[in-house]
Every structure is written in C-alpha cells, then in structure tokens.
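Following: one structure in structure tokens, then a few remarks.
In the working numbering, the protein residues as written are 132 to 213.
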C-alpha cells in the first residue's frame with residue numbers, strides 16, 4: 132500500500148488498494164490454513180492457536196469506508212462514490 136501514488140485518481144487508488152488487500156488477505160489465509168492442517172496432522176494445539184489468530188487478524192483487517200478514506204487520503208467528491 133505504500134506504493135500507491137497519493138496524487139493518482141481515486142479509481143486508480145481504489146484498484147491498487149483492492150489488489151494489495153487481496154494479496155495480503157491471501158497470505159494471511161494461506162498461513163492460517165497451513166496451521167490448521169498442521170494441527171490436524173500433529174494434534175498440537177500450537178498450530179490451532181496460530182491458525183485461529185490468523186483468522187481473527189483477517190477479520191479485524193477487513194476494509195470499511197473509513198479505513199479506505201484514511202489509507203488513500205480521499206477527499207470529498209471521491210468519498211461520496213464509495
């Protein structure tokens with residue numbers, strides 16, 4: 132998200148944010164699924180705890196309108212289109 136140009140048009144910023152969010156969510160989900168598989172194979176609760184923590188972090192990280200406006204530094208005309 133640091134590579135998003137703050138002077139770009141709103142549509143471009145939103146598309147880049149969406150791509151970055153999908154990639155970061157996939158990384159978190161992949162780690163969580165890996166930990167859950169590790170738990171099923173070893174029955175070690177260490178894997179289950181970290182898998183659950185990844186899913187909780189994924190839920191907390193979900194985008195909403197306010198987070199999007201602050202992350203992309205959107206102004207009034209662009210915020211109404213959200």
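We put the CB at the ideal spot given by N, CA and C, even for glycine.
Computed from a prediction, not measured in an experiment: that's the story for all the values here.
Practice item. Determine the direct distance from the alpha carbon of residue 140 to that of residue 200, and round the result to whole angstroms. Key: 13 Å
Exercise for review: Taking 8 Å as the cut-off, decide whether the C-beta atoms of residue 182 and residue 157 are in contact.
Suggested key: no
Review point. Does the segment 165 to 184 come close enough to the segment 141 to 148 to have 3 or more Cβ pairs within less than 8 Å?
Key: no
Practice item. Pull up the CB-CB distance for residue 203 and residue 148, whole angstroms please, since I reckon it's below 8 Å. Key: 6 Å
Point to revise | residue 206 - DSSP class collapsed to helix/strand/coil | key: coil
Check your understanding: Whose C-alpha, out of 195, 193, 160 and 165, is nearest the C-alpha of residue 186?
Key -> 160
**Study point:** Backbone CA spacing between residue 197 and residue 137 [nearest angstrom]
**Key:** 17 Å
Point to revise | Among 211, 205 and 193, the one whose alpha carbon lies nearest that of residue 135 | key: 205
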